[in-house]
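One structure is given below, encoded as structure tokens.
So this is what it looks like as structure tokens:
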């Protein structure tokens with residue numbers, strides 16, 4: 001694919017990146033790609049373990065940078081360690097994959113796993129990508145896209161108080177987003193009273209669910 005084709009169709013980039021990792025995309029992953037590229041401003045992806053949600057979100061971050069080096073992304077996860085694992089993976093892709101290498105940070109740019117700039121980004125207080133745990137300091141950031149990757153885990157959602165605290169944290173997204181910005185959430189609900197469900201019912205997030213099992217027409 002030419003660079004122009006890849007910039008237009010996220011699935012083409014996913015094919016290239018998975019091929020780089022010696023993998024092949026599935027039909028379901030391609031379907032999720034279309035949802036990530038064309039879904040509403042507040043969208044949520046729920047899928048079974050092994051669906052590669054985090055990888056697809058990392059690829060989507062690369063796609064956003066490929067189309068606009070000025071794009072600002074805030075990555076949130078359940079812990080700061082998980083968030084930096086995400087940004088480290090994105091940095092590695094920018095370094096290793098030929099179609100992305102022109103975006104790798106230059107010597108005079110921020111290049112840590114906590115925050116980095118892509119080549120071509122104009123100097124700014126906000127880095128191109130910043131990685132923070134959901135309990136970390138997120139106010140003061142400005143982002144075009146918030147990527148929320150598995151912010152709900154058993155240890156931060158096993159009591160009503162913890163679930164309330166987590167839900168309140170997600171309300172802060174609105175203050176961080178630039179006008180016209182988007183929030184992309186991926187995760188697996190841990191309880192019936194999941195923060196993900198509240199985001200759908202109370203805050204208008206549109207949810208796409210890929211179940212591991214589904215009934216046949218006869219069932």
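Numbering (this note's numbering), first residue to last: 1 to 219. We put the CB at the ideal spot given by N, CA and C, even for glycine. Everything numeric in this text was worked out from a predicted model, so none of it was measured.
*Just checking my contact of residue 151 with residue 187 at CB under 8 Å: how many whole Å lie between their CB atoms?*
6 Å
*Buried or exposed: where does residue 2 fall if 16 or more other Cβ atoms within 10 Å of its Cβ makes it buried?*
exposed
*To which residues of the same chain is residue 86 closer than 7 Å at the C-beta, ignoring the five residues directly before and after it?*
54, 58, 75, 77, 131 and 149
*Tell me residue 42's beta-bridge partners as DSSP assigns them.*
183
*Rank 203, 143 and 194 by C-alpha distance to the C-alpha of residue 176 and give the top, closest one.*
143
*Within the segment 99-175, ranges of the beta strand (DSSP E) (whole runs, at least 3 residues)*: 129-133 and 143-149
*Hey, residue 118 and residue 65: beta-carbon distance below 8 Å or not?*
yes
*Can you list, in chain order, the residues of its chain whose CB lies under 6 Å from that of residue 185, leaving out five sequence neighbours each side?*
44 and 148
_Contact under 8 Å by Cβ, residue 173 with residue 146_ = yes
*Is DSSP giving residue 79 helix, strand or coil here?*
coil
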